[in-house]
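2 protein chains.
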Amino acid sequence: MPHPIAKQDFPVSNVRHFLEPGPIVLVSSQWQQHTNIMTMGWHMVMAFSPSLLGCVIDAGNHSHALVCNSGECVINIPSASLVDKVVGIGNCSGSEVDKFKAFELTPGKSEKVGAPRIEECYASFECRLHDDAMIERYNLFVFEVVKAHEAPSADEEESLHYRGMGEFMLSGQSIDRTELFKPSMLI
Amino acid sequence: MPHPIAKQDFPVSNVRHFLEPGPIVLVSSQWQQHTNIMTMGWHMVMAFSPSLLGCVIDAGNHSHALVCNSGECVINIPSASLVDKVVGIGNCSGSEVDKFKAFELTPGKSEKVGAPRIEECYASFECRLHDDAMIERYNLFVFEVVKAHEAPSADEEESLHYRGMGEFMLSGQSIDRTELFKPSMLI
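Chains as they are written, first to last, in this note's numbering: chain X, 1 to 187; chain G, 1001 to 1187.
Here it is in structure tokens:
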């Protein structure tokens, strides 16, 4: 069984460290008393400061309405050990299932948003809706990350990357090319 | 030395197979007689059909003007063996360097756009600018993939995923969870 992971603060300007490599994430949201979790693969970093993320949340997802109504969510990164929960969460709808209960995940209190964090994930980014102009046309939400949390173990965690058709890629080894970069490019 | 890789057609609706896992890509562009290549990590899939991608190309990049003026580019995926070229391309500006020559990469003729493909990459996606409404505010380009090419070896290639600060993650092993998915979710 996965267990809650203690986390520490992390600069919001540096969420690219975790998100630019393209992991599958779990989006947790809350509106009034309704919480939900969705599995999301379509996201990207858009700016460092403010720390902006672009995410596609299809209008067919129960989370779409929760995020639109609350203007908030938390983006959580599950380790590869949670893969079966990640698939299960994507398979069902929050309109029918209480996903925190059904998947035995722990909602943790966020600091700056009302949506709960997922305690079993190794990194969590509290987000506020920054720009809703592209939601109607593309289901594209632009969020600002207002608080970031990472586990001390975060850099050793294995992330999940989705290829479609039921196939995931796991994160592999890291290689350091610092010495090849112009100093001004090292951000 | 890397060498040109023969490629075959691939359905444009399925570029998520390569891009959703979040690899670093090389964007090739052309306007009049000027070609360029840039290294890009901020991209995401936005829709299957039409096949839409969102990409952030900072206005400070030489490629920004080439792509704005031509309304086209090619998104190419380099294997991990090209990592030193990937860094080198990101370190310099196309306003000063002919990157195809400097990095000994082969421009290949595209089928549907004027911008050249990069023959040494294992997948190439020819793109037309689909929506320019978010360029001014976010440097966000929405492209439609109009033609996709993959090497027969593409599924065995190792991709590069950038973490910032000179550190890359390599793609790791694949795991298959097809049997856990609801059939309707297997896309």
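Heads up, the beta-carbon is just placed ideally off N, CA and C, and yes, glycines get one too. For clarity, every value in this text was computed on a predicted model and none was experimentally measured.
- Query: Which of the three DSSP states, helix, strand or coil, is assigned to X:Leu66?
  - Reply: Translated into positions along the first sequence, residue 66 of chain X becomes position 66. Correct three-state label for X:Leu66: helix.
- Could you check what DSSP says for X:Ser124 in three-state terms: helix, strand or coil? The residue you call residue 124 of chain X lines up with position 124 of the first sequence. Looking at X:Ser124 - three-state DSSP - the assignment turns out to be strand.
- Item | Supposed close pair G:Val1012, G:Val1142 - CB separation, criterion 8 Å | On the second sequence, residue 1012 of chain G is found 12 positions in, with the first residue counted as 1. On the second sequence, residue 1142 of chain G is found 142 positions in, with the first residue counted as 1. Wrong, their Cβ atoms sit about 15 Å apart, outside the cutoff.
- For X:Lys85, three-class secondary structure by DSSP: Mapped onto the first sequence, residue 85 of chain X falls at position 85. Note: X:Lys85 maps to helix in three-state DSSP.
- Rounded separation between X:Ile175 and G:Met1169 - CA only: For the purposes of this step, residue 175 of chain X is taken as the residue at position 175 of the first sequence. For the purposes of this step, residue 1169 of chain G is taken as the residue at position 169 of the second sequence. The straight-line gap from Cα to Cα measures roughly 6 Å.
- Item | G:Met1036 vs G:Gly1108 beta-carbon contact at 8 Å | One-based indexing of the second sequence puts residue 1036 of chain G at position 36. One-based indexing of the second sequence puts residue 1108 of chain G at position 108. It is worth fixing the name first, because residue 1036 of chain G is Asn in this sequence and not Met. Cβ distance not < 8 Å, so G:Asn1036 and G:Gly1108 don't count as in contact.
- Query: In this structure, does DSSP put G:Ala1080 in helix, strand or coil?
  - Reply: Taking the first residue of the second sequence as position 1, residue 1080 of chain G is located at position 80. Three-state DSSP puts G:Ala1080 in a helix.
- Name the residue from G:Arg1016, G:Ser1070 and G:Gly1088 whose alpha carbon lies nearest to the alpha carbon of G:Phe1048. In the second sequence, the residue the question calls residue 1048 of chain G occupies position 48. G:Phe1048 has its Cα closest to that of G:Arg1016, out of G:Arg1016, G:Ser1070 and G:Gly1088.
- Run down chain G in chain order and give the residues with a C-beta less than 8 Å from the C-beta of X:Glu20. As a working mapping, residue 20 of chain X is identified with position 20 in the first sequence. Simply Gly1022, Gly1041, Trp1042, His1161, Tyr1162, Arg1163 and Gly1164.
- Rounded straight-line distance, which links the Cα of X:Met1 to that of X:Glu72: The residue you call residue 72 of chain X lines up with position 72 of the first sequence. The residue you call residue 1 of chain X lines up with position 1 of the first sequence. Their backbone Cα atoms lie some 29 Å apart in a straight line.
- Cβ neighbours of X:Lys112 in the same chain (closer than 6 Å, five flanking residues each side left out): Locating residue 112 of chain X in the first sequence gives position 112, counting from the first residue. Around X:Lys112: Glu126, Val146 and Lys147.
- Item | Cutoff 8 Å; reference G:Ile1089; Cβ partners in own chain excluding five residues on either side | The residue you call residue 1089 of chain G lines up with position 89 of the second sequence. Closer than 8 Å at the Cβ level, and outside the excluded window around G:Ile1089, lie Leu1026, Ile1037, Met1038, Thr1039, Lys1099 and Phe1103.
- Task: Report yes if the C-beta distance between G:Ser1028 and G:Arg1117 is below 8 Å; otherwise report no.
- Result: On the second sequence, residue 1028 of chain G is found 28 positions in, with the first residue counted as 1. On the second sequence, residue 1117 of chain G is found 117 positions in, with the first residue counted as 1. Yes, Cβ-Cβ distance for G:Ser1028 and G:Arg1117 is below 8 Å.
- Message: Counting C-beta neighbours from all protein chains within 10 Å, is the total for X:Asn76 16 or more, i.e. buried, or is it exposed?
- Response: For the purposes of this step, residue 76 of chain X is identified with residue 76 of the first sequence, where counting begins at 1. Its Cβ being crowded by 16 or more others within 10 Å, X:Asn76 is buried.
- In the DSSP assignment, find the alpha helix (DSSP H) that holds G:Ile1135 and state where it starts and stops. To locate residue 1135 of chain G, count along the second sequence from 1; it is residue 135. From DSSP, the alpha helix (DSSP H) with G:Ile1135 extends over Ile1135 to Tyr1138.
- Please check the pair G:Gly1054 and X:Gly54, which I expect to be a contact at CB under 8 Å, by giving their CB distance rounded to whole angstroms. As a working mapping, residue 1054 of chain G is identified with position 54 in the second sequence. As a working mapping, residue 54 of chain X is identified with position 54 in the first sequence. That pair is a contact at about 6 Å.
- Task: Determine which residues of the stretch 1044–1057 of chain G have a Cβ less than 9 Å from any Cβ of chain X, and write them out in chain order.
- Result: Met1044, Val1045, Met1046, Ala1047, Leu1052, Gly1054, Cys1055 and Val1056
- Item | Assigned secondary structure, X:His17 (DSSP; H/G/I helix, E/B strand, else coil) | Within the first sequence, residue 17 of chain X is the residue found at index 17, counting from 1. X:His17 falls in the helix class under three-state DSSP.
- Do G:Ile1024 and X:Gly164 have their C-beta atoms within less than 8 Å of each other? Here residue 1024 of chain G is taken as the residue at index 24 of the second sequence, counted from 1. Here residue 164 of chain X is taken as the residue at index 164 of the first sequence, counted from 1. Against a cut-off of 8 Å, the Cβ pair of X:Gly164 and G:Ile1024 comes out as no contact.
- Message: DSSP three-state label for G:Ala1154, please.
- Response: What you label residue 1154 of chain G is simply residue 154 of the second sequence in a count that begins at 1. Three-state result, G:Ala1154: helix.
- Item | Residue range of the unbroken alpha helix (DSSP H) whose run includes X:Ala102 | Within the first sequence, residue 102 of chain X is the residue found at index 102, counting from 1. Note, X:Ala102: alpha helix (DSSP H), Lys99 to Ala102.
- chain X residues whose Cβ lies nearer than 9 Å to that of G:His1017: Sequence index remark: in the second sequence, residue 1017 of chain G carries index 17 (1-based). Going along chain X in sequence order, the residues near G:His1017 (Cβ under 9 Å) are Arg163, Gly164, Met165 and Glu167.
- G:Lys1182 classed as buried or exposed, judged by whether at least 16 other C-beta atoms fall within 10 angstroms: As a first step, residue 1182 of chain G is located in the second sequence; it is residue number 182 there, counting from the start. Under this definition G:Lys1182 is an exposed residue.
- Query: Among the residues of its own chain, which have a CB less than 8 Å from the CB of X:Val83, if the five just before and after it don't count?
  - Reply: As a first step, residue 83 of chain X must be located in the first sequence, where it is residue number 83. So the list reads Leu160 and Phe168, once near-sequence residues are dropped.
- Query: Among G:Ala1123, G:Asn1139 and G:Lys1101, which one has its Cα closest to the Cα of G:Asp1155?
  - Reply: As a first step, residue 1155 of chain G is located in the second sequence; it is residue number 155 there, counting from the start. It is G:Ala1123 whose Cα lies nearest to the Cα of G:Asp1155.
- Endpoints, beta strand (DSSP E) assigned at X:Thr35: Counted from its first residue, the first sequence places residue 35 of chain X at position 35. His34 to Met40 is the extent of the beta strand (DSSP E) around X:Thr35.
- Message: For chain X, check one thing: does any of its Cβ atoms lie closer than 8 Å to the Cβ of G:Val1067?
- Response: Sequence index remark: in the second sequence, residue 1067 of chain G carries index 67 (1-based). It does not: the Cβ of G:Val1067 has no partner Cβ on chain X nearer than 8 Å.
- Task: Kindly identify the DSSP beta-bridge partner or partners of G:Leu1160.
- Result: Numbered from its first residue, the second sequence carries residue 1160 of chain G at position 160. Paired residues: G:Leu1170.
- Query: When you compare each of X:Pro21, X:Asn14, X:Glu20 and X:His64 to X:Tyr138 by their alpha carbons, which one comes out closest?
  - Reply: For the purposes of this step, residue 138 of chain X is taken as the residue at position 138 of the first sequence. Comparing Cα positions, the closest option is X:His64.
- Query: Per DSSP, which one or two residues make a beta bridge with X:Arg177?
  - Reply: Within the first sequence, residue 177 of chain X is the residue found at index 177, counting from 1. Paired residue(s): none; X:Arg177 is not in a bridge.
- When the Cα of X:Glu96 is compared with those of X:Val87, X:Ala6 and X:His62, which residue comes out closest? Within the first sequence, residue 96 of chain X is the residue found at index 96, counting from 1. If we check each option's Cα against that of X:Glu96, X:His62 comes out closest.
- Query: Given that a residue counts as buried once 16 or more other Cβ atoms are within 10 Å of its Cβ, and exposed if not, what is X:Gln30?
  - Reply: Taking the first sequence and counting its residues from 1, one reaches residue 30 of chain X at position 30. Answer is buried; the Cβ neighbour count reaches 16.
- Host beta strand (DSSP E) of X:Gly54 (start-end): Counted from its first residue, the first sequence places residue 54 of chain X at position 54. Here the beta strand (DSSP E) through X:Gly54 covers Leu52 to Val56.
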